[in-house]
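A.B. asks:
Residue numbers (the numbering used here): 591 to 737.
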């Protein structure tokens with residue numbers, strides 16, 4: 591959305607408010623998911639992408655395009671999930687260069703247990719009386735909330 595009368599300083603202030611809100615929310619998600627399900631928000635994100643994918647699996651290259659991690663960080667994260675029995679990696683039978691990551695039964699169970707925790711945090715942040723958006727333009731026009 592364009593605001594033709596907004597100054598560069600106002601844009602910078604809106605960016606700061608968005609950044610602070612995002613990082614605070616990310617910390618809340620990490621803290622609560624770790625406490626209740628022993629997974630990080632990044633691990634939850636990968637489990638959710640796999641849970642909603644066809645056959646609960648994705649090529650690592652596709653997963654990489656959908657997460658906010660570098661390829662090496664994603665590889666380390668998936669290795670940890672694999673060690674915990676939450677995902678499995680397999681070679682593509684048609685293209686040996688491709689690796690699939692697939693959600694296991696244990697991974698599905700952990701995801702389903704973590705999902706309400708994540709959704710409750712998002713719902714609390716969006717507020718019951720708001721439009722339900724976490725980043726509406728009107729919310730970004732106000733200074734960052736403090737906790």
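All residues carry an ideal CB built from backbone N, CA and C; glycine is no exception.
It should be emphasised that the depicted structure is a prediction, and the values quoted were computed from it without experimental measurement.
Can you confirm whether the region 611-623 touches the region 631-650 when touching is taken to mean that 3 or more C-beta pairs between the two stretches lie within less than 8 angstroms?
C.D. replies: Cβ pair count under 8 angstroms is three or more, so yes.
A.B. asks: For the beta strand (DSSP E) holding residue 649, just list the boundary residues, first then last.
C.D. replies: To locate residue 649, count along the chain shown from 1; it is residue 59. Residues 647-649.
A.B. asks: Per DSSP, what are the beta-bridge partners of residue 699 in this structure?
C.D. replies: Working through the chain shown from its first residue, we reach residue 699 at position 109. The partner list for residue 699 (beta bridge, DSSP) is empty, contrary to what the question assumes.
A.B. asks: Looking at the secondary structure, which residues open and close the alpha helix (DSSP H) in which residue 621 lies?
C.D. replies: Counted from its first residue, the chain shown places residue 621 at position 31. Its alpha helix (DSSP H) spans residues 598-627.
A.B. asks: If you measure between the beta carbons of residue 714 and residue 627, is that distance less than 9 angstroms?
C.D. replies: Against the chain shown, residue 714 aligns to sequence position 124. Against the chain shown, residue 627 aligns to sequence position 37. No. Outside cutoff.
A.B. asks: Residue range of the beta strand (DSSP E) that residue 693 falls in?
C.D. replies: The residue you call residue 693 lines up with position 103 of the chain shown. First-last of the beta strand (DSSP E) with residue 693: 689-693.
A.B. asks: Where do the N-terminal and C-terminal ends of the alpha helix (DSSP H) with residue 657 fall, by residue?
C.D. replies: For the purposes of this step, residue 657 is taken as residue 67 along the chain shown, with counting starting at 1. Neither: residue 657 is in no alpha helix (DSSP H) and is coded neither H nor E.
A.B. asks: Rounded to the nearest angstrom, what separates residue 637 and residue 598 at their Cα positions?
C.D. replies: Here residue 637 corresponds to residue number 47 of the chain shown, with the count starting at 1. Here residue 598 corresponds to residue number 8 of the chain shown, with the count starting at 1. Approximately 39 angstroms, taken between the alpha carbons.
A.B. asks: Is it buried or exposed, residue 601, if we count other Cβ atoms within 10 angstroms and call 16 or more buried?
C.D. replies: The sequence position of residue 601 within the chain shown is 11, counting from 1. Flag for residue 601 reads exposed.
A.B. asks: Check whether the region 645-652 and the region 673-690 are in contact - that is, three or more C-beta pairs closer than 8 angstroms.
C.D. replies: Yes, the region 645-652 touches the region 673-690.
A.B. asks: Would you tell me roughly how many angstroms separate the C-alpha atoms of residue 658 and residue 595, rounded to the nearest one?
C.D. replies: Working through the chain shown from its first residue, we reach residue 658 at position 68. Working through the chain shown from its first residue, we reach residue 595 at position 5. Looking at the two C-alpha atoms, the distance is approximately 32 angstroms.
A.B. asks: Would residue 647 pass as an interface residue toward chain B - the criterion being a Cβ-Cβ separation below 9 angstroms?
C.D. replies: Absence of chain B from the displayed structure is noted, only one protein chain being present.
A.B. asks: Given residue 694, which residues of its chain have a CB within under 8 angstroms of its CB, disregarding the five upstream and five downstream residues?
C.D. replies: The count along the chain shown starts at 1 and reaches residue 694 at position 104. Closer than 8 angstroms at the Cβ level, and outside the excluded window around residue 694, lie 675, 676, 677 and 678.
A.B. asks: Between which residues of its own chain and residue 708 is the CB-CB distance below 7 angstroms, once the five residues before and five after are set aside?
C.D. replies: Within the chain shown, numbered from 1, the residue matching residue 708 stands at position 118. Closer than 7 angstroms at the Cβ level, and outside the excluded window around residue 708, lie 619, 623 and 634.
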